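First up is the structure itself, then whatever we jot down about it.
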Amino acid sequence: MTKRALITGITGQDGSYLAELLLNKGYEVHGLIRRASTFNTARVDHLYVDPHDPKAKLFLHYGDLSDGARLVTLLAEINPDEVYNLAAQSHVRVSFDEPEHTADTTGVGTIRLLEAVRMSGINTKFYQASSSEMFGATPPPQNEETPFYPRSPYGAAKVYSYWITKNYREAYGMFAVNGILFNHESPRRGETFVTRKITRAVAAIKAGKQDLLYMGNLDAVRDWGYAAEYVEGMWRMLQADEPDDFVLATGGNYTVRDFLQISFEHAGLNWENHVRFDERYLRPTEVDALVGDASKAQEKLGWKASVHTPELARIMVDADIEALKHAGNHWIDTVELESWKN
Ligand code: NDP
Ligand code: GDR
């Protein structure tokens, strides 16, 4: 029997890779998309097949995590075997500008979806996109037993979603799990997250279209893995015999400065000639160091990251150099993009 999955956040980085993975596994995939005045499906457009075609396996539905009634009707209509809740206001810096909206989407949105599962009476497995940002100020290495100490409205909202997912598992016997994922990136990463901001700038500087890159705290330590591998871990969590929570990470330990150096060097550039400081990219409270210990996922799910941060940076730089060649006048340089968007 064909399995059916619903992905919230299908238009995001992870949603697009997960949709690909599930389609390749033979699933019928349904995605929740937001109505916008411009097209917002660029990351999944390559998967599109006309829904009138009997071979179509991907279906998109308008909806929003702020609209609980819509979630109930949609779940009842789709009756999925698996629900992946990836939708969120996912930018940590922006969560300080929009704390209430972030709480509503990234926090309360999760309970709306869990309640919708319960109220529609369907029997489904539920994946919650939890985050290493929940560990915040607790020093590394971090694993499933590490106490939470969020340092942003985003981190606090994710802590709420983590606990409410666990509560629904315990209270109602739902197969509901938290994937606690450390930073994972790709050529599809949003342009204002630090890795993509850097690799886009490298491409533009290399092409002579930009000279300077303005950055915040270069001392922050992160554990950057490759998104395409992490979605496989999400899927494996829902195939386990028992519902449980898992960390996914590479275990690597790199500063933002390291990422700059690796990325610029890969294009034959010296980062120090191009990077300038701008305090607007600092956060009121910073998360200094996140380094994950994913040994539980390796042991119980057989999942292990194979792409580590230096290789990831090179993949992203190469992809952005290639993308810039085809972008022509549509390329917005990093300085411009950031001054509008962050
Ligand atoms: P993105 O920011 O790329 O994607 C977020 C998705 O959520 C988009 O599809 C967006 O839609 C959708 N969305 C936002 N608000 C709403 C809403 N109110 N209703 C419905 N949909 C909404 O995030 P990622 O793909 O990087 O991350 C996926 C999830 O995993 C997020 O929950 C994130 O917080 C979490 N996470 C990510 C990590 C990472 O390193 N990438 C690490 C740990 C957790 P639209 O396209 O219309 O904006
Ligand atoms: P993060 O990702 O906050 O870890 O959240 P981001 O790439 O935004 O920041 C990583 C680190 O880089 C520092 N930094 C800058 N960040 C941005 N965006 N822009 C800059 O100019 C800049 N300069 C320095 C930041 O201060 C920070 O320390 C991501 C998101 O995907 C979350 O949704 C997810 O939950 C976590 O990863 C795990």
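Residues in the sequence shown are numbered consecutively from 1, following full-length UniProt numbering.
Heads up, the beta-carbon is just placed ideally off N, CA and C, and yes, glycines get one too.
Model, not experiment: these values are computed from the prediction.
Since residue i is in the alpha helix (DSSP H), which residue starts that stretch and which ends it?
i	result
ASN85	No alpha helix (DSSP H) contains ASN85, which is instead part of the beta strand (DSSP E) from 82 to 85.
THR199	194 to 206
GLU28	Where GLU28 is concerned, there is no enclosing alpha helix (DSSP H), although the beta strand (DSSP E) it sits in stretches over 28 to 33.
ARG70	68 to 78
LEU301	295 to 301
Find the nearest neighbour of residue i within the set the options, judged by alpha-carbon distance.
i	options	result
GLU28	THR73, PRO51 and MET174	PRO51
HIS274	LEU238, THR199 and GLY328	THR199
TYR254	ASP53, ALA176, PRO140 and GLN128	PRO140
PHE277	ASN217, ASN40, MET316 and PRO80	ASN217
ALA36	ALA156, GLY63 and HIS326	GLY63
GLY292	LEU86, GLY136, GLU100 and ARG4	GLY136
GLY208	TYR154, ALA267, GLN261 and LEU86	ALA267
LEU238	LEU312, GLU311, PHE264 and TYR127	TYR127
GLY26	THR2, VAL44, TYR17 and TYR48	THR2
LEU24	PHE264, GLY12 and ARG4	In the sequence on display, residue 24 carries Asn and not Leu. Ranking PHE264, GLY12 and ARG4 by Cα distance to ASN24 puts ARG4 first.
LEU290	GLU20, GLY251 and HIS46	GLY251
HIS91	GLU144, GLY12, LYS206 and ALA323	GLY12
HIS46	LYS197, GLU77, ASN79 and ILE10	ILE10
ALA249	THR192, LYS296, LEU65 and ASP318	LYS296
ALA103	ASP81, TYR281 and SER66	SER66
LYS304	PHE259, LEU114, ARG314 and GLU229	GLU229
GLY15	GLU232, VAL49 and THR146	GLU232
ASP288	ALA201, THR309 and THR138	THR138
ALA87	LEU32, LYS125, VAL49 and TYR226	LEU32
Rounded to whole angstroms, what's the CA-CA distance from residue i to residue j? Just pull it up for me.
i	j	result
THR8	SER306	27 Å
GLN89	THR110	12 Å
VAL256	ARG222	8 Å
ALA69	VAL194	36 Å
TRP286	ARG151	The amino acid at residue 286 is misidentified as Trp; the sequence shows Glu. Their backbone Cα atoms lie some 7 Å apart in a straight line.
ALA116	LEU74	9 Å
LEU301	GLY328	44 Å
VAL159	SER131	8 Å
HIS326	ALA240	42 Å
GLU311	VAL72	42 Å
ALA205	ALA156	Looking at the sequence itself, residue 205 is Ile, so the reference to Ala does not match. Taking the straight line from one Cα to the other gives about 37 Å.
THR106	ALA319	30 Å
ILE262	LYS55	43 Å
MET134	ASP53	43 Å
GLU279	ALA220	14 Å
ARG196	ALA313	9 Å
PRO153	ASP97	9 Å
ARG189	ARG43	10 Å
GLN142	PHE259	21 Å
THR192	LEU114	30 Å
residue 343	GLU272	With the chain running from 1 to 342 in the structure shown, residue 343 is simply not present.
Does residue i come out as helix, strand or coil in the three-state DSSP assignment?
i	result
HIS91	coil
ASN273	helix
MET134	helix
HIS101	helix
PHE259	helix
GLY225	strand
ILE10	coil
ASN167	helix
HIS308	coil
GLN210	coil
TYR154	helix
LEU114	helix
LEU282	coil
GLU145	coil
HIS46	helix
LYS325	helix
ALA220	coil
GLY268	coil
ARG236	helix
GLY251	coil
GLU185	strand
GLY292	strand
ALA5	strand
PHE39	coil
Could you spell out where the beta strand (DSSP E) holding residue i opens and where it closes?
i	result
VAL247	246 to 248
TYR214	213 to 215
PRO179	As written in the sequence, residue 179 is Gly, which differs from the Pro given in the question. Segment 176 to 181, the beta strand (DSSP E) holding GLY179.
LEU58	58 to 62
Answer yes or no: the CB of residue i versus the heavy atoms of ligand 4, is any distance below 8 Å?
i	result
GLU229	Absence of ligand 4 is noted for the structure shown, with ligand 1 and ligand 2 being the only ligands found.
Should the region 108 to 125 be regarded as contacting the region 180 to 193, the criterion being three or more beta carbon pairs within less than 8 Å?
-> Taking a cut-off of 8 Å for Cβ pairs, the region 108 to 125 and the region 180 to 193 do not touch, as fewer than three such pairs fall below it.
Would you be able to state if there are at least three C-beta pairs under 8 Å between the region 210 to 221 and the region 154 to 170?
-> Counting Cβ pairs under 8 Å, fewer than three are found: no touch.
Is there contact between the region 170 to 178 and the region 243 to 253, where contact requires at least three CB pairs shorter than 8 Å?
-> The region 170 to 178, when compared against the region 243 to 253, does touch it at the 8 Å Cβ threshold.
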